[in-house]
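A quick write-up on the structure given underneath.
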Amino acid sequence: MGDNQNLLAEQRRALILDEVRRRGGVRVNELTRRLNVSDMTVRRDLDALSRQGVVAKVHGGAVPVAEASTHEPGFEAKSALELTAKQDIARAAAALVVPGSAIALSGGTTTYALAHLLLDVPDLTVVTNSLRVADVFHTAGRPEPDGPARPGAAMVVLTGGVRTPSDSLVGPVADQAIRSLHFDLLFIGVHGISAEAGLSTPNLGEAETNRRLVESARRVVVVADHTKWGTVALSSFAALDQVDVLVTDAGLPAEARAEIAGLLPELVVAGAESAEGGRGGAELRDADES
């Protein structure tokens, strides 16, 4: 890991989590040497990761938490994870949006980050089943309570439905609303993505609503940080051949990039320092060069 003394706490914890997952467990004294920080700092980081539910503290160290395929963290819990990666992904995804287009944003913390970056894109029509995303556009579009919408503010279509722990709206009401709509771009977050299971979520209602979103989109863009690759949740809602673009972050290992590049038309690695050619005709590019 090198000399990481000056890393932000968020970056340091991401490194610790990666190390725990990669090795199946680490000891505190190993982390202090690798990160070049104090024992107390490492223990605070492990406490924070334990509260997020991603590691379990054991005597002298920590081990990864194996999530059940039905486990669905709440919005706040997911918001604390992979913050830098989500911002990188959001910036790269925002570059795909042109003024005046009709887009859809699914629920999730990465699409929530993306919503903030789309506020200055004029004349968007935004379809969403996310209460959080809708609130971002509503608050920015009407700076004064009950005041008029600012010129060029997005028109937001909120689907309705039953609320999930992720603050998404799902169920028959949401599904029926989405069936009647058509949008240019869908930005969709996932709990898991894999070659075999495709896109998956632990929530059955969310899976069905996500299927409707995918069917109504001319182009499907998955926004998912590197920890989602290889994860399989309870219900699959789309195969990889239904995905046009995957926007992920530079934490995705090279072997995973090569595998994905053989499966998808386009892979965008946000925050990567360089781009590599993909297999199977896929385009693999550095988002900083787009």
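The opening position of the sequence shown corresponds to residue 147 in the numbering used here, with each subsequent residue numbered one higher. Idealized CB from N, CA, C, for every residue including glycine. Note that the coordinates shown come from a computational prediction; the quantities given were computed from them, not determined experimentally.
Starting from S196 and walking both ways along the alpha helix (DSSP H), at which residues does that stretch end? 185 to 197
Kindly indicate the opening and closing residues of the alpha helix (DSSP H) around T377. Taken as a continuous stretch (DSSP letters only), T377 belongs to no alpha helix (DSSP H), as it is neither H nor E.
Considering only their Cβ atoms, is the gap separating G199 from G171 smaller than 8 Å? no
Give every residue of the same chain whose Cβ lies closer than 6 Å to the Cβ of P268, excluding the five residues on either side of it in the sequence, and list them in chain order. P245, G298
Ends of the beta strand (DSSP E) at R296? Note, R296: premise wrong, no beta strand (DSSP E); not H, not E.
Taking the DSSP output, what are the residues bridged to V393? V369, V414
By the three-class DSSP mapping on this structure, what secondary structure does A241 have? coil
6 Å CB neighbourhood of G317 in its chain, flanking five on each side removed: G307, V308, G351
Would you tell me roughly how many angstroms separate the C-alpha atoms of Y258 and F283, rounded to the nearest one? 10 Å
Burial state of H372, where buried means 16 or more other Cβ atoms lie within 10 Å: buried
Does D330 come out as helix, strand or coil in the three-state DSSP assignment? strand
Residue interval of the alpha helix (DSSP H) (run including A341): Run containing A341: none; DSSP gives neither H nor E here.
Alpha-carbon spacing of T310 relative to R158, whole angstroms: 31 Å
Output needed for T178: all residues of its chain with C-beta closer than 7 Å, excluding positions within five of it in sequence on either side, in chain order. S184, D185, V188
Tell whether a beta-carbon distance below 8 Å holds between I324 and T305. yes
Can you check whether the CB of E156 is closer than 8 Å to the CB of L229? yes
With DSSP collapsed to three states, give me the class of G287. helix
Please report the distance separating the alpha-carbon of L345 from that of F383. 6 Å
Please report the distance separating the alpha-carbon of L398 from that of K232. 13 Å
Nearer than 7 Å: is that true of the beta carbon of G408 relative to any heavy atom of the ligand FAD? The ligand FAD is not among the ligands present in this structure, which contains no ligands whatsoever.
Inspect the beta-carbon positions of D395 and R358 and report whether they are closer than 8 Å. no
Closest by CA to P411, which one among G417, V391, A404, A402? V391
Below 8 Å on the Cβ atoms is my guess for L327 versus S276; work out the distance and round it to an integer in Å. With 8 Å as the limit, L327 and S276 do not qualify as a contact, their Cβ atoms being about 15 Å apart.
Does DSSP put T347 in a helix, a strand or coil? strand
With DSSP collapsed to three states, give me the class of V166. helix
Report, in whole angstroms, the separation of the C-beta atoms of L332 and V302, which I expect to be a contact under 8 Å. No, L332 and V302 are not in contact; Cβ-Cβ is about 15 Å, not under 8 Å.
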